[in-house]
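In the UniProt record's numbering, the protein residues as written are 1 to 199.
The beta-carbon is built from N, C-alpha and C at its ideal position, and this holds for glycine as well.
Fair warning: this is a prediction, and the values are worked out from it, not measured in the lab.
Right under this line is the structure:
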């Protein structure tokens with residue numbers, strides 16, 4: 001299921017659209033939390049941000065079909081609510097080959113997710129699809145907006161599923177930090193594109 005873009009998309013602008021898919025194993029803990037946080041961050045951008053008028057598509061999915069159509073884990077939702085994110089809904093889905101065409105950034109939570117995505121993209125490329133997406137760890141994006149040189153060489157977001165609420169809180173804080181770096185990276189990229197158009 002692809003979400004209504006809601007406040008995370010600003011239509012009718014000439015800026016090149018950005019599309020981001022967050023991916024974990026089952027799409028009920030880490031990736032929906034990442035999606036909800038990024039929707040919140042992009043909806044809160046100041047008018048001075050290069051991304052303020054950029055259409056942004058945001059979704060999440062899992063590499064497995066363990067929890068198809070299930071809502072996010074209750075601990076994910078309670079963590080989001082504690083931080084003021086109260087309007088998020090999602091039904092778990094599995095990554096499909098079309099995702100590598102539809103999304104410019106496909107961001108995994110850990111190395112196993114990343115390897116599964118690369119394998120799936122390899123099969124998609126064999127059918128003539130899947131060439132466009134950047135497939136990386138969300139942890140490949142550093143706080144300053146830089147990117148680690150090696151794909152998959154960055155920070156891993158561990159699965160909190162078998163732990164308690166404190167594990168979900170740690171994941172939330174980690175994702176806010178990593179997605180802040182990704183946001184700065186995107187602002188830099190959009191700023192470069194704007195400078196190129198002005199020349």
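According to DSSP, is residue i part of a helix, a strand, or is it coil?
i           : result
residue 4   : Caution applies to residue 4, whose pLDDT of 41 falls short of 50 and renders its modelled position unreliable; the value that the coordinates give is listed next. Of the three classes helix, strand and coil, the one that applies to residue 4 here is coil, per DSSP.
residue 191 : helix
residue 106 : strand
residue 94  : strand
residue 112 : helix
residue 12  : Reliability fails at residue 12, whose pLDDT of 39 lies under 50, so the model's placement of it is uncertain and no value is given.
residue 201 : This structure cannot settle anything about residue 201, because the visible part of the chain is limited to 1 through 199.
residue 171 : helix
If you check the beta carbons only, do residue i and residue j fall under 7 Å apart?
i           : j           : result
residue 202 : residue 172 : What the structure shows of the chain is the stretch from 1 to 199, and residue 202 is not part of that stretch, so it cannot be assessed.
residue 132 : residue 19  : no
residue 79  : residue 169 : yes
residue 27  : residue 60  : yes
residue 117 : residue 22  : no
residue 45  : residue 190 : no
residue 88  : residue 34  : no
residue 25  : residue 53  : no
residue 121 : residue 100 : yes
residue 90  : residue 32  : yes
residue 17  : residue 55  : yes
residue 139 : residue 155 : yes
residue 111 : residue 153 : no
residue 175 : residue 41  : no
residue 145 : residue 192 : no
residue 109 : residue 157 : yes
Any idea if residue i is buried or exposed, counting beta-carbon neighbours within 10 angstroms, 16 or more meaning buried?
i           : result
residue 136 : buried
residue 62  : buried
residue 82  : exposed
residue 179 : buried
residue 181 : buried
residue 74  : exposed
residue 92  : buried
residue 39  : buried
Between which two residues does the alpha helix (DSSP H) containing residue i stretch?
i          : result
residue 80 : 74-82
Grab the span of the beta strand (DSSP E) containing residue i for me, first residue to last.
i           : result
residue 20  : 18-24
residue 156 : Looking at the DSSP string, residue 156 is not in any beta strand (DSSP E), and its letter there is neither H nor E.
residue 135 : 134-137
Inset, instruction - Ignoring anything shorter than 3 residues or poking outside the region 28-67, list the beta strand (DSSP E) runs there in chain order. - result: As far as the region 28-67 is concerned, its whole beta strand (DSSP E) runs of at least 3 residues are 56-62.
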